[in-house]
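Quick mapping for you: the protein sequence lines, in order, are chains P and E. UniProt numbering numbers the first residue of the first sequence as 1 and each following residue consecutively. UniProt numbering numbers the first residue of the second sequence as 1 and each following residue consecutively. We treat Cβ as the ideally placed atom computed from N, Cα and C, and that holds for glycine.
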Amino acid sequence: MRWLRRNAVSIVGILVLVYLFIPISVVTALSFNKPAGKFNISWNSFSLDAWTNLCGVPGVCSSFVTSLEIGLVSTLIATLLGTMIAFALVRYRFRGRSTTNLLIFLPMATPEVVMGSSLLALFLNMRFPLGPLTVAIAHIMFIISFVVVTVKARLQGLDPRLEEAARDLYASPRATFRYVTFPLVLPGIIGAALLGFSLSFDDFIISYFNAGTLVTFPIYIWGAAQRGIPPQVNALATLVFVTALVIVLASQIVQYRKRKAMESS
Amino acid sequence: MAEQSRTNQVEDLHLVNLTKRFGDMAAVDDLTITIPAGSFFALLGASGCGKTTTLRMVAGLEDPTSGSIRIGDKDVTRLRAFQRPVNTVFQSYALFPHLDIFENVAFGLRRRGVKDVKATVEQMLDLVELGSLARRKPTQLSGGQQQRVAVARALINKPDVLLLDEPLGALDLKLRRQMQIELKRIQTEVGTTFVHVTHDQEEAMTMADTIAVMNAGRIEQMGHPAEIYELPKTAFVANFLGQSNLIEGRVAGASDDLIDVTAYGVAFRVPKSRSSATGTAIIVGVRPEKMTVLDALDATKVPDGHNAIFGRVTDVSYTGVSTQYLVRAAWGQELIVFEQNMIVGDRCEVGDDVIVHWAPSHTFGLDGDENINAGVDAAVLALDATAGQ
Chain P
1 MRWLRRNAVS IVGILVLVYL FIPISVVTAL SFNKPAGKFN ISWNSFSLDA WTNLCGVPGV
61 CSSFVTSLEI GLVSTLIATL LGTMIAFALV RYRFRGRSTT NLLIFLPMAT PEVVMGSSLL
121 ALFLNMRFPL GPLTVAIAHI MFIISFVVVT VKARLQGLDP RLEEAARDLY ASPRATFRYV
181 TFPLVLPGII GAALLGFSLS FDDFIISYFN AGTLVTFPIY IWGAAQRGIP PQVNALATLV
241 FVTALVIVLA SQIVQYRKRK AMESS
Chain E
1 MAEQSRTNQV EDLHLVNLTK RFGDMAAVDD LTITIPAGSF FALLGASGCG KTTTLRMVAG
61 LEDPTSGSIR IGDKDVTRLR AFQRPVNTVF QSYALFPHLD IFENVAFGLR RRGVKDVKAT
121 VEQMLDLVEL GSLARRKPTQ LSGGQQQRVA VARALINKPD VLLLDEPLGA LDLKLRRQMQ
181 IELKRIQTEV GTTFVHVTHD QEEAMTMADT IAVMNAGRIE QMGHPAEIYE LPKTAFVANF
241 LGQSNLIEGR VAGASDDLID VTAYGVAFRV PKSRSSATGT AIIVGVRPEK MTVLDALDAT
301 KVPDGHNAIF GRVTDVSYTG VSTQYLVRAA WGQELIVFEQ NMIVGDRCEV GDDVIVHWAP
361 SHTFGLDGDE NINAGVDAAV LALDATAGQ
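This is how it looks when you write it as structure tokens:
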């Protein structure tokens, strides 16, 4: 009883983690499965087929690449635009500034179904052919909001004295931006870009409305789910998860080493 | 850029009719001063008196509404901050958090296109005794060390004028004392003009060779610390810089070099040379440590010609070095007296009837139109600000 009370926090913590990771572990485990029928739902026998033959099922890899491409392009453009908007909103006073501040939140607050369908209506009205371009336009639109919010917070948290100090130390406005402002805001921009990419990569609803015949990875999975998801999808999903995990771990290790080095110096 | 004129020859800093308005409020009001080359100059005042605005205008971070700023013969009023041969040690330092100490110090040199900075930076870090910490980030340093980095980062550029904005405000008392001596040493070593903004009168007196007491956008009085302290010209200075007893009276007559004053029926004498009163209304002033407390029965021991007031002790605080008395005069005013503890056990008690006396040569006279409480609140606020940090 006493033991229970003392370790209650750890026990609850472990339970929550188990709860969070069970779905992911099921996905990973089933990537090593050789499904008995069409549906990869119950365990049959161990097999590396899905891993050795990742692109074996038509549509898996091409949709994966499509999602990567759309994610990269949308993120790049949205980060660029969003960063500039954030600077404008924080640094300049202009007519319509507060309205812009408010409107920039809208794409985040609007239900995806509403946004997806209204974009579709717009594209159809304009007779704009649906495809990668319309999906990218839709993604850029909602990523911008997240970028603006993230970068703005970072910029507002910046001590104005730092830029004054730079000016005082012979840095022209351009040099002040390059050597002080930008490096200090960069972590915010990188964070915004990572967030934007992951939002784009797994977006289903908005993409589905505006994709036309284009098949992104989430759309492929949705379609496959009706016919039976091939284990290749599990393998790819595991791959994405592991990649993310490696990035997080690597950055943690780098941070830790840096701290160690600092302490011992 | 203005770097071609970068020589070690230091020149005077002139502020001419400098004014800064924010809306209707004049933060700095028609300020004209010359700060001699190589001096350690302190702008002293309570918060909101315009001292920081003045500093920021000299740095180029704030545009004056009117007036001009000259260094030697060169007018820098229209130059932008990065073009001025002036550097600043900011309040709370403003070190670049993403750069290490070396790069922080090298920043100014690099921006001016100096190629080989290593030797200069190392020399500068040695001057502030931080050579071993060159590769640390600012957050890994203590407050005192950060302060020294800020000084090194500014001084390495050999500015014509170094501006210090409350540079010691964020440090604790002991470290502040230490840094006061340190800054003075560095100033003597490099010989640059230091303009130091502070609300801490003790700090200003310890460090500066010239103090300008600022109030409501104007200079109240300027001079050597001892000169201002011993002979304040306004009630604000008398109360803000140290403490004073100010008694309102009227001129009753005059002899060769003394003014006879009557206040509340008591006669005082003030040297003519130490009075800034113009009319018949006059304020008699004296610093607390210039006064002596005697038991009322010993009234005969008061030296001839001294100013003297009968009163009753209302408070005694023993501070080790001295004893601080509050003495209520017959007309109700409380006078403050500091007595050095020369003889053990020889102290007055609360309720004792005493006579307080002082030499006329320690008396000063102020214009009778002034408010005897001017600057009292400002001094208390400044003290609070110091204690709060």
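Problem - Where the alpha helix (DSSP H) containing E289 of chain E begins and where it ends - result: From DSSP, E289 of chain E is part of no alpha helix (DSSP H); its letter is neither H nor E.
Problem - Buried or exposed by the 16-neighbour rule on C-beta atoms within 10 Å, applied to P129 of chain P - result: exposed
Handout entry: Near-chain C residues of the stretch 62-96 of chain E - C-beta to any C-beta below 9 angstroms
Key = Given the protein chain composition of this structure (P and E), no chain C is represented.
Handout entry: 7 angstroms Cβ cut-off: residues of chain E touching S172 of chain P
Key = F82
Handout entry: Burial state of S5 of chain E, where buried means 16 or more other Cβ atoms lie within 10 Å
Key = Bear in mind that the predicted position of S5 of chain E carries a pLDDT of just 41, short of 50, making it too unreliable to give a figure here.
Problem - Neighbourhood of G131 of chain P by C-beta distance below 6 angstroms, restricted to the same chain and skipping five residues each side - result: The beta carbon of G131 of chain P sits closer than 6 angstroms to the beta carbons of G212, L214 from its chain, once the five residues preceding and following it are set aside; these are given in chain order.
Practice task
Taking only runs that begin and end inside the stretch 58-127 of chain E, name each unbroken beta strand (DSSP E) of 3 or more residues, in chain order.
Solution key: 66-71, 86-89
Practice task
Hey, could you find the ends of the alpha helix (DSSP H) K184 of chain E is sitting in?
Solution key: 173-190
Problem - Alpha-carbon to alpha-carbon, A378 of chain E and F41 of chain E - result: 21 angstroms
Exercise for the section: Check the Cβ of F107 of chain E against every Cβ in chain P and list those closer than 7 angstroms, keeping chain order. Expected result: Per Cβ cutoff of 7 angstroms: L169.
Exercise for the section: Within 10 angstroms of the Cβ of F21 of chain P, are there 16 or more other Cβ atoms? Answer buried if so, exposed if not. Expected result: exposed
Exercise for the section: Go ahead and pull the three-state DSSP assignment for L106 of chain P. Expected result: L106 of chain P: helix per DSSP, three-state reduction.
Handout entry: V251 of chain E to A281 of chain E span [Cα, whole Å]
Key = Here the C-alpha atom of V251 of chain E lies approximately 6 angstroms from the C-alpha atom of A281 of chain E.
Problem - Proximal residues to M25 of chain E (C-beta, below 6 angstroms), its chain only, five neighbours per side dropped - result: none
Problem - Residue range of the unbroken beta strand (DSSP E) whose run includes F40 of chain E - result: 40-44
Practice task
Return no unless some Cβ of chain P is closer than 8 angstroms to the Cβ of H196 of chain E.
Solution key: no
Exercise for the section: Confirm, please, whether the CB-CB distance from V286 of chain E to W331 of chain E is below 8 angstroms. Expected result: no
Exercise for the section: Starting from V261 of chain E, trace the beta strand (DSSP E) both ways and give me its first and last residue. Expected result: Per DSSP, V261 of chain E belongs to the beta strand (DSSP E) from 258-263.
Practice task
Taking only the alpha-carbon atoms, compute the straight-line gap between A329 of chain E and V195 of chain E and give it to the nearest angstrom.
Solution key: 42 angstroms
Handout entry: Residue-level contact to chain E via CB, A175 of chain P, 8 angstroms cutoff
Key = yes
Practice task
Within the same chain, show all residues whose beta-carbon is closer than 8 angstroms to that of I219 of chain P, passing over the 5 residues directly before and after it, in chain order.
Solution key: Hits under 8 angstroms: S63, F204, S207, Y208, A211.
Exercise for the section: Take the Cβ of S244 of chain E as the centre, count every other Cβ of all protein chains shown within 10 Å, and call the residue buried at 16 or more, exposed below. Expected result: buried
Exercise for the section: State yes or no: is the beta carbon of A208 of chain E nearer than 8 angstroms to at least one beta carbon in chain P? Expected result: no
Exercise for the section: Flag R161 of chain P as yes if its beta-carbon sits less than 8 angstroms from any beta-carbon of chain E, otherwise no. Expected result: yes
Exercise for the section: Could you tell me whether the stretch 223-239 of chain P touches the stretch 70-79 of chain P, using the rule of 3 or more Cβ pairs below 8 angstroms? Expected result: no
Problem - Interfacial residues, the stretch 184-209 of chain P to chain E, with Cβ spacing under 8 angstroms - result: The residues in question are L184.
Exercise for the section: Whole angstroms is fine: what's the gap from V12 of chain P's alpha carbon to V18 of chain P's? Expected result: 10 angstroms
Problem - Any chain P beta carbon closer than 8 angstroms to A152 of chain E - result: Among the CB atoms of chain P, none fall inside 8 angstroms of the CB of A152 of chain E.
Exercise for the section: Specify whether the stretch 47-58 of chain E and the stretch 12-31 of chain E touch according to this definition: at least 3 beta carbon pairs, one from each stretch, less than 8 angstroms apart. Expected result: yes
Handout entry: the stretch 144-156 of chain E in contact with the stretch 118-127 of chain E per 3-pair CB rule at 8 angstroms
Key = yes
Handout entry: Supposed close pair A296 of chain E, D353 of chain E - CB separation, criterion 8 angstroms
Key = 4 angstroms
Problem - Whole-angstrom distance between A136 of chain P and G388 of chain E, CA atom to CA atom - result: Any reading at G388 of chain E must be qualified, since the residue scores a pLDDT of 49, below 50, and its modelled position is unreliable; the value itself is stated next. Going from the Cα of G388 of chain E to the Cα of A136 of chain P covers about 55 angstroms.
Practice task
Kindly indicate if chain E contains any beta-carbon less than 8 angstroms away from that of E69 of chain P.
Solution key: Not flagged as an interface residue toward chain E: E69 of chain P, since no C-beta distance is shorter than 8 angstroms.
Exercise for the section: List the residues of chain P that H98 of chain E touches, going by C-beta distances under 7 angstroms, in chain order. Expected result: P183, L184
Practice task
Could you tell me if G365 of chain E is buried or exposed, where buried requires 16 or more neighbouring beta carbons within 10 angstroms of its beta carbon?
Solution key: Taking all protein chains in view, the Cβ of G365 of chain E is crowded by 16 or more other Cβ atoms within 10 Å, so the residue is classified as buried.
Practice task
Identify every residue that forms a DSSP beta bridge with P271 of chain E.
Solution key: E:L258
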